[in-house]
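Report on one structure; see the data block that follows.
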Amino acid sequence: MLRLIVVSLFFTICFGAEQARIIGGYPTEMTKHPFQVSLEKHGTHACGGSIISRDWVVTAGHCVAKRFSPPTKKFRVRVGSSYREQGGSVHQVSKIILHPEIRRQYFMHNDIALIKVRTPFIYNDAVKPISIATKSPSSGAAAVVTGWGVTREVNENQHDDLPSQLREVQLFINTGLGCILTSRYLDKNMLCVTAAKSYTGACYGDSGGPLVSNGKLVGIVSGGIYQCALGYPDIYTNVANFREWIKSKTGIA
């Protein structure tokens, strides 16, 4: 029976990894999460991200697509607004740095990218950087993910269910049977995360957004298993393991 479960999970991973993975949760304000950004593509919300300095944002690598020359003109960064595609300040992108070893093998590996904006962010109550975790979070640690992703399971090309206001969901790091069975497909640069409540979790449009635990950025929304918010774990980039790479590209310690 266990073998059957593992084999079933294997196929779920293989064919479900494409999800760009907030379902459930509740509305929140940018003043609670002032590091959150909306990465817009052609003027429309595409992914989340996190402010790490006055001119740098960290996001998921798959959000910026092209491997060798990510198209900076397609993207802009909106900060300081709790509402999707309105308010706050908008910053054009001057540089995108994609991790050179990003790849897909069941899940996205090394799924991280850096974005530099042309005009620096002006800090205020709704615009502030977040510190990057210095070590991986402990198993069972509580965490929060935020974003403007869809609020119900839909096809990834249907974005009519994106909420206008930022939402947050409570999660736990590396807990549950799903994470145990999934572990063979993960590496040290990934975090397995489960929701604190049933039928909640990250989904399309949340990719690249922050996973925060103890006030530190510990993860980046990367992908998931099967459908959103059905009790399966979500996979996040383990940001602490990329501190040196981030420092080498931005100078941010």
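Residue numbers -16 to -1, 1 to 237, in mature numbering (1 follows the signal peptide of the UniProt record, and there is no 0), belong to the letters of the sequence shown in order.
Glycine included, C-beta positions come from ideal geometry on N, C-alpha and C.
Note that the structure is a prediction, hence the values are computed from the model and not measured.
- Taken through DSSP and simplified to helix, strand or coil, Ile86 comes out as coil.
- In the pairwise beta carbon analysis, the region 57 to 76 is classified as not touching the region 225 to 234: fewer than three pairs are separated by under 8 Å.
- The distance from the Cβ of Lys172 to that of Asn222 is about 7 Å, consistent with a contact at the 8 Å cut-off.
- Around Ser78, the same chain offers Thr56, Lys100, Val101 and Arg102 as residues with beta carbons nearer than 7 Å, after the five sequence neighbours per side are excluded.
- Collapsing the DSSP output to three states places Arg38 in coil.
- Under DSSP, the beta-bridge partners assigned to Gln154 are Val128.
- If the five residues before and after Lys25 are omitted, its C-beta is found closer than 7 Å to the C-beta atoms of Lys58 and Phe59, all from its own chain and listed in chain order.
- Val202 sits close to Ala117, with the two beta carbons spaced by under 7 Å.
- Comparing C-alpha distances from Leu82 to each of Asp39, Thr43 and Thr28 shows the shortest one belongs to Thr43.
- In summary, Ser197 is buried, with 16 or more beta-carbon neighbours lying within 10 Å of its beta-carbon over all protein chains present.
- Of the candidates Cys187, Ser115, Asp218 and Arg68, Ser115 places its Cα closest to the Cα of Ala237.
- Less than 7 Å separates the beta-carbon of Arg38 from that of Phe105.
- If you look at Leu23, you'll find it in the beta strand (DSSP E) that goes Gln20 to Lys25.
- When only Cα atoms are considered, Gly162 and Pro11 end up about 27 Å apart.
- Looking only at Ile204, Gly32 and Ile36, the smallest Cα-Cα distance to Pro113 is reached by Ile36.
- For Thr234, there is no enclosing beta strand (DSSP E); the enclosing alpha helix (DSSP H) covers residues Arg227 to Thr234.
- Beta-bridge analysis with DSSP links Leu98 to Val42 and Ile81.
- Cys176 carries a strand assignment under DSSP once its states are collapsed to helix, strand and coil.
- The straight-line gap separating the alpha-carbon atoms of Gly9 and Asp190 is approximately 13 Å.
- Residue pairing by DSSP places Asp218 opposite Val177 and Gly208 in a beta bridge.
- Taking the Cα positions, Thr166 is about 13 Å away from Gly207.
- In the three-state reduction of the DSSP assignment, Thr12 falls in the coil class.
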